[in-house]
Amino acid sequence: MRPGFSTLLAIVALLAGGALAGCSTESSEGAKLQQGQSPTERLMRLMDKDQDGKVTKEEFMSFMSQEFDRIDQDKSLWLSPQEIKAWDLGL
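Sequential numbering from 52 applies to the sequence shown in our numbering.
The structure is reproduced here in structure tokens:
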């Protein structure tokens, strides 16, 4: 069965959570702005590179590719069950 929009949104939200957890170089001002943002707003900020308020397919695919590379700890170009489990847990 093909995943629906809500499933896709949940996957992207999990990925964004991992990406946000990995961003430790943000200024305190940036961190304050993020605290007042909804998960959707944070996700848009991460994916919308040209900041036009829309996420193009290219921006979305770039974000997903970067997340795949981050999750693929051994750089094997495929995700093992262990890598997926660690990602799922936010480790």
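Beta carbons are placed, not taken as given, at the ideal position from N, Cα and C, and that holds for glycine.
- According to the DSSP assignment, SER116 belongs to the alpha helix (DSSP H) that extends over 108-122.
- Judged by DSSP in its simplified three-state form, LEU97 adopts helix.
- Annotation for LYS100: GLU110 place their beta carbon closer than 7 Å to its own, counting only its chain and skipping 5 residues before and after.
- DSSP, read as helix, strand or coil, puts ASP139 in helix.
- Burial is judged here by how many other beta carbons sit within 10 angstroms of a residue's own beta carbon; TRP138 has at least 16 and is buried.
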